[in-house]
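Novice: For my numbering, count along the sequence shown from 1 and bump the result up by 1406.
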Amino acid sequence: MLRIRARSVHPVTAPPIEDGAVLVDDAGKIAALGSNRAVPAPRGAEQLEFPDGALVPGLVNCHTHLELTHLAGRNAEPSFPQWIRRIRELKDATPAEEFYRAAEQGVRACWAAGVTCVADTGSSGAPLEALARLGGRGIYYQEVFGPDPAKCTASIAELERALSRLSPLASSQRRLGVSPHAPYTVSEPLYRAVAAFARRERLPIAVHLAESREDRGIAVVPRGGSSVRHVVELGVVGRGTLCIHCVQVDEQDIAVLGDSGAAVAHCPRSNRAHGHGTAPLAALRRAGVPVGLGTDSVVSVGDMNLRAEAVAAGLDGEDALRMLTLEGARALGLDDQIGSLEVGKEADLAVFASTALYRPLPPSTALLTVVAGRVAQR
Ligand SMILES: [Zn+2]
């Protein structure tokens, strides 16, 4: 068992507790929380104390590309289409072991930032392998590409091969999903086929959507049309689909997203870095769309500082904390397990210096990160 006492405990679903504590059982779940005096201290429990710490639910990063961690600072292309092309060249030049090392480094960087759950998209499978080996939590969405409609069957066959290799690593702590990459890399038949496949296999879907102006008028999106409405019509975006970015959306798109039951991964720093603009966060939330925050890859934003995303999104205080934790979990459909400190939930926790809790810029490093009741980083 593990007992953590801190100057303040922030359950998110209840008001903060001064001089609080959390008790974690051997199954990695929260057994008790409250004021320090009220929480039992069983003999034999490991006791950690943070007299100047704020204990919060582990942060949820709703969009990462952990296999690209080694490419930080290596793509300075200012134009987005060129940037994408350059990423492809850099990935083609990356050996499999390098993807694995990058993913492992990425998982550790997440933990250092107090992030205990990631929604990661990639093509190498390395992020799921790294999460499994290190004991992390997340959803890994295997990417599928294929702009040529004639190669749809081959793309699906390749996806199935990748999933059958990766599925032994999946568990309730590490889920496997699929990601038809983006409107400019996936043909219309492939979108339909992946959607049907995901429904049949009960796999969650993530898509890059309405990220840049170039989304319109390329590949599958009818020229001048709405990429959001198009992927909803194709059956790709529905209940539980994680839509990444959603910057170039109009009022009708927002209403359609709200009705579809899809969620959004909001990546304000990445959108800004690529000059895509600003996603309409307030309007999406008003429409009832679950929205979580994501860093995107370190190639876009330079680091894994998720709290900087809350500031870039214009959030602060308990609202920022809620977006970083419970709302992120809700966007991933995991809010019954993580995202708040409640008895019976998974013990995914982070402790930050009290003075730094709502200051996202350095020092942003967590003093302690716990995943499923196990100390991941100290
Ligand atoms: Zn991305």
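We put the CB at the ideal spot given by N, CA and C, even for glycine.
(1) Is Val1469 a contact residue of ligand 1, with contact defined as CB to any heavy atom under 8 angstroms?
(2) Mapping the DSSP letters down to three states, classify Ser1573 as helix, strand or coil.
(3) Tell me the start and end of each unbroken alpha helix (DSSP H) in the region 1711-1757 that is at least 4 residues and wholly inside, in chain order.
(4) Within the present structure, is the beta-carbon of Asp1498 separated from the nearest heavy atom of ligand 1 by less than 8 angstroms?
(5) How would you label Val1513, buried or exposed, when you count the other beta carbons within 10 angstroms and need 16 or more for buried?
(6) Relative to ligand 1, is the shortest distance from any of its heavy atoms to the C-beta of Thr1647 smaller than 8 angstroms?
(7) Measuring CA to CA, which of Ser1585, Arg1449, Gly1544 and Pro1421 is closest to Leu1465?
(8) Select from Asn1442, Arg1691 and Ala1433 the residue whose C-alpha is nearest the C-alpha of Asp1425.
(9) Less than 7 angstroms between C-beta atoms, sequence neighbours within five positions excluded: which residues of the same chain meet that for Arg1784?
(10) Can you say whether Ala1782 is buried or exposed, counting buried as having 16 or more other CB atoms within 10 angstroms of its CB?
(11) Would you call Arg1608 buried or exposed, if buried means 16 or more other Cβ atoms sit within 10 Å of its Cβ?
(12) Verify the contact flag: Thr1591, CB atom, against every heavy atom of ligand 1, threshold strictly below 8 angstroms.
(13) Thinking just about the alpha-carbon of each residue, which of Arg1449, Ala1460 and Leu1454 is nearest to the one in Leu1747?
(14) Hey, is His1785 close to ligand 1, as in C-beta under 8 angstroms from one of its heavy atoms?
(15) By the DSSP assignment, the alpha helix (DSSP H) with Phe1456 in it spans what residues?
(16) Would Arg1692 and Ala1718 qualify as a contact pair, given that the criterion is a beta-carbon distance under 9 angstroms?
(17) Buried or exposed: which applies to Gln1548, given that a residue is buried once 16 or more other Cβ atoms fall within 10 Å of its Cβ?
(18) Since I believe Val1670 is in contact with Val1642 (beta carbons under 8 angstroms), could you give me their beta-carbon distance rounded to a whole number of angstroms?
(19) Going by C-alpha distance, which of Val1634, His1682, Pro1674 and Arg1675 is nearest Ala1661?
(20) By the 10 Å Cβ neighbour count, where 16 or more other Cβ atoms means buried, how is Gly1380 classified, buried or exposed?
(21) Mind checking Leu1408: buried by the 16 CB within 10 Å criterion, or exposed?
(22) How many whole angstroms separate the CB atoms of Leu1699 and Gly1734, which I take to be in contact at a CB cut-off of 8 angstroms?
(23) Check whether the Cβ of Ser1703 sits closer than 8 angstroms to any heavy atom of ligand 1, and report yes or no.
(24) Alpha carbon to alpha carbon, how far is Arg1492 from Asp1741? Give it in angstroms, no decimals.
(25) Following the continuous alpha helix (DSSP H) through Val1705, name the residue where it begins and the one where it ends.
(26) Beta-carbon within less than 8 angstroms of Val1776's beta-carbon, same chain only, minus the 5 sequence neighbours each way: which residues are those?
(27) Work out the CA separation of Asp1526 and Gly1739 for me, nearest whole Å.
Specialist: From the atom records:
(1) In the sequence under discussion, the amino acid at residue 1469 is His, which differs from the Val named in the question. Flag set: Cβ of His1469 near ligand 1.
(2) helix
(3) 1712-1718, 1723-1728 and 1734-1737
(4) no
(5) buried
(6) no
(7) Gly1544
(8) Asn1442
(9) Leu1774
(10) buried
(11) exposed
(12) no
(13) Ala1460
(14) Residue 1785 lies beyond the residue range present for the chain, which begins at 1407 and ends at 1784; the question has no answer from this structure.
(15) Counting along the chain, Phe1456 falls outside any alpha helix (DSSP H), though it belongs to the beta strand (DSSP E) covering Glu1452 to Pro1463.
(16) no
(17) buried
(18) About 15 angstroms separates the two Cβ atoms, so there is no contact after all.
(19) Val1634
(20) The structure shown has nothing for residue 1380, since the chain only spans 1407 to 1784.
(21) buried
(22) 6 angstroms
(23) yes
(24) 37 angstroms
(25) Val1704 to Val1707
(26) Leu1408, Ile1410, Val1430, Gly1464, Thr1522, Ala1753, Asp1754, Leu1755, Ala1756 and Ala1782
(27) 14 angstroms
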